[in-house]
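Okay, structure first, notes after.
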Amino acid sequence: MQPVTQDNWCGNDLIDIFPDVSMTDFMFLEDTLLPDFNYLPVEVSPPQFLEEAPSESSQMASSSVILSTKSRHMTPSPVAVDIIQEAGNSQDGHRGIRITQEDVDSFHQAVKKSDQFKLLTDFQLPSRSRISRFLNAYFEYFDPHAPIVHHPTFRIHSSPPALTLAMIAIGGIHLSEHKVAKDAHKAACDLIAQFEIVHLRELSDDLNLWAIQATLLCIQFGAFTHESSHHSRSQRQFSLVMALLRNGLHCCEKYRATADTNWANWIVLETFSRLASWMCILNGVILAFDPYAICVPTHQECDLPLPCYDKIWRAKSSSEWSHQRALYPSSQIGLWTAARTLFTSQALPTSVGSFALLALIGSTFAYICSNERLSLGIKEPDLNFIARMEKSLSIWEALWRQHPHAEHVPTKRGDSLMVDCLAFLGSSYYHLYVGKELLALKMMATHSEAKATVLPTVLHLELASKAVRYAASSLLVRAKLGIAHLRRTAALEYGGHALVTAYEGALILSWWLAITSQPAQQVHGLTIRQESNHLLKDLLKEVFGEVEDQGIPCRSEGSERAVMPISFYSMLMQPWVWTYSSILDQRLRSFGEIIRQITQPAGRPTQQIEIS
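Numbering follows full-length UniProt numbering, with no gaps: position 294 of the sequence shown is 294.
Here is the structure:
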C-alpha cells in the first residue's frame, strides 16, 4: 500500500489508502454506555505503527480501525497492573460543604473589598442557604466533569470572592435558578476585570491560580448559555487565561522542587496542569459550537505534570495523599510531552488517569479544530494529516480501553470523565473526516434565512462515509438507551459539551441521508465501495428500527428519514442544564426545514448535489 501524499489523493487508488472499516476488527467505545454491555477478558496492547503506510500484505493494525459491531459482544478488561486496580467507582461520594454564618460574613466583606471600582453596588449578595445550596450543587454535579478546584481544601472564608462567585454561578445553573446564577456570573466577571486592570500589569511571582480558575469557570458559563453577549465575552476572556498561564509557567518552578513531598505545593502544581488542560478543552468546545469563533490559543512548551489519578486528587489529607501516591505512581511523562507524543502518532509509554485521558483527547480535538480553522480556505483534505491523526486517535482509544474505570462506564456510579471523553472522541472524528463540510452545515443551520437549496459538496466520499458510520453508531447507542430515559437523566450525568457532539452528529447524518435520497452522481469514477455501502445501509436500517419503535417516524425514504436525526437529538436538547441547548435546538430545527425543502419531491432542486 502506498503512503498517503498530497500527490496521490485525487485518484481512484485513494480508496485503497484508507482501508474500509472492518466491522469485526475493532470496538465502538460508546457501546460501553449500554447497560447490557458484556465485558470479557481480552488482552490489549497499544498499537504499534510503522513509519510508512503498511503494505497490503501486512494490512493496517486492527486497532487503527473504528466502529466494530464486535463491541456489542465484548471489550478488553482493564490493564493487569496491581497498583492500578480500583474498586469500581472513582469517587468516594459527594462530601457536602458546611458553611457557617461567619463564613458568609467573611465572603460578603471580601466581595466588597475586591470591588475597588464599585461595579457591584446593585449586586445582591447571596444568603447563607443559597451559597450552601449552590456550592454543594457545584461539587455534586459540575465538579465530576471538571475537577479544576481542589474540593478537599476548598474553604469559602479563604477563597477569593471572584472564584466563589463563579462557582456559585455554575451551581445555580445546575439548580435551574438562572437569574441568581446570571447575576453571580456578572459579578465574578466584574471582579476579574478589576483584577486584570489593577494587577496583571505588574509582573510578579504570584501564580494567581484563583484568577485562572475563576476566568475559566466564567468562560464555561458564558460559552454554554444562550446569550450572544456572554459568548463574545467568553472568547475575549481566553486572552486573559493565556496570559496568566504563560506567566504561571515561570512561577511554577518554585513549587516543583518540593511537590513530591509537600502536599500544598503538589496541589498548586497539579491544579495548574488541570487548568492548562481545561483551557484546551473549552477552546475545542467553543470552536465546535460557534462556526465563527476566533479563539485559537497557542500551545506553550512546558513541563507540567500529566494530571494524576482521581484517587490522588481527591485525597482529604496529606497522609492519605502520600498513601494514594504510593498506590498510583505519578507518570514520568509531562503533559506537553504526552500531547506532542500523541500528535505525532507515537504510543505513550505509561498508563494515565481519567482526567489525563480527557486532557489528551480534548487537546487532540482542539488541535484538529485549530488546523481546520487555519487551513486558509483550502478545501482539499490534507490526507497526511488525517492519516496521522487517525493513528493518534486509535492510540488514545487503546489508552481508554486499558483504564481501570473502563468496565464501569455503563453504570450510574461510573467515572463521569470516562464518559465525557467519548464526546470529544466523536467530535474529533467528525472534524477530522468532514471538517469543511461540517463547518458549512453549521453556517447553514445558523443562517437559515438564507433559504439554501443546495447542500454542501462532499469533498471525499470515503472519509465522509467514516464520519457517517460513526454518527449513525452513536445515534444507535442513544436510541437503545431510550429517548425518554435520556431526557430524564442525561442533563446531570453528561458534561455540557456532549450536546455539541450530538448536534454535529445530527447535522452530518441528516446531510448524508438527504444526499443519498438524491439521484446518484459520480465524479472521476469515485464511489463508495459496495461492501462499505452495504455495511452502512445495514447500520442505518438498525437505527431506523430503534428510532421508529420510540415514536419518531422514519419508514418512508426521503424527507422523513433525512430529518430523523434532527428530530431525535432535538428531543434531547430540552430541558438541559446549560441553556445554550436552546440555540442548538433552534439550529437543528432550522436545518431540518432546509432538509425538508431539499428532499421533498416537489421542492427538489434542479441542480444535482455534487460529489467529488
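Glycine is no exception: its CB is placed at the ideal position from the N, C-alpha and C atoms.
This one's a predicted model, so the numbers in the text were calculated from it and none came from an experiment.
| Item | Value |
| --- | --- |
| Backbone secondary structure at Lys537 - three-state DSSP | helix |
| Coil, strand or helix - Arg596 by DSSP | helix |
| Supposed close pair Cys369, Gly496 - CB separation, criterion 8 Å | Incorrect: roughly 17 Å between the Cβ atoms, too far for contact. |
| Cross-strand partners of Pro305 (DSSP beta bridge) | Gly334 |
| From Phe272, Leu335, Ser319 and Gln235, residue whose alpha carbon lies closest to that of Pro291 | Gln235 |
| Per-residue DSSP class, three states only, for Ala257 | coil |
| Helix, strand or coil at Asp122 [DSSP, three-state] | coil |
| Counted within 10 angstroms of its Cβ, other Cβ atoms place Met573 as buried (16 or more) or exposed | buried |
| Member of Glu593, Glu504, Gly482 and Glu548 whose CA lies at the smallest distance from the CA of Val563 | Glu593 |
| Within 8 Å, strictly: CB atoms of Ile595 and Ser559 | yes |
| Trp576 versus Ala491 - alpha carbon distance | 5 Å |
| Classification of Gln600 by the beta-carbon crowding that lies within 10 angstroms, buried from 16 upward | exposed |
| CA-to-CA distance, Asp122 to Asp183, given in whole angstroms | 10 Å |
| Nearest neighbour of Leu249, chosen from Cys302, Ile515 and Leu175 [CA to CA] | Cys302 |
| For Gly353, the nearest candidate out of Phe568, Arg133, Leu33 and Pro147 (CA to CA) | Pro147 |
| For Gln213 and Thr516, the rounded distance between their alpha carbons | 47 Å |
| Unbroken alpha helix (DSSP H) run spanning Asp420, endpoints | Ser416 to Thr446 |
| The stretch 358-373 / the stretch 336-345 touching (three or more Cβ pairs under 8 Å) | yes |
| Three-way DSSP call (helix, strand, coil) for Ser129 in this model | helix |
| Same chain, Cβ closer than 6 Å to Ser416, neighbours up to 5 away in sequence not counted | Pro144 and His145 |
| Backbone secondary structure at Lys466 - three-state DSSP | helix |
| Residue range of the alpha helix (DSSP H) that includes Asp190 | His178 to His199 |
| Which listed residue (Gly435, Leu304 and Ala338) has its alpha carbon closest to that of Arg256 | Leu304 |
| Same chain only: Cβ atoms within 6 Å of Met571, ignoring 5 sequence neighbours per side | Ile483 |
| Element boundaries [alpha helix (DSSP H), containing Asn283] | Trp263 to Phe289 |
| Three-state secondary structure (DSSP) of Asn208 | coil |
| Ile294 (DSSP reduced to helix, strand or coil) | coil |
| Contact under 8 Å by Cβ, Val468 with Trp512 | yes |
| Chain-order list of residues whose beta-carbon lies under 8 Å from that of Ile333 (same chain, five-residue window excluded) | Leu306, Thr341, Leu348, Pro349 and Thr350 |
| C-alpha distance - Val268 paired with Leu209, whole-angstrom precision | 8 Å |
| Beta-carbon proximity of Phe134 to Ile168, cut-off 8 Å | yes |
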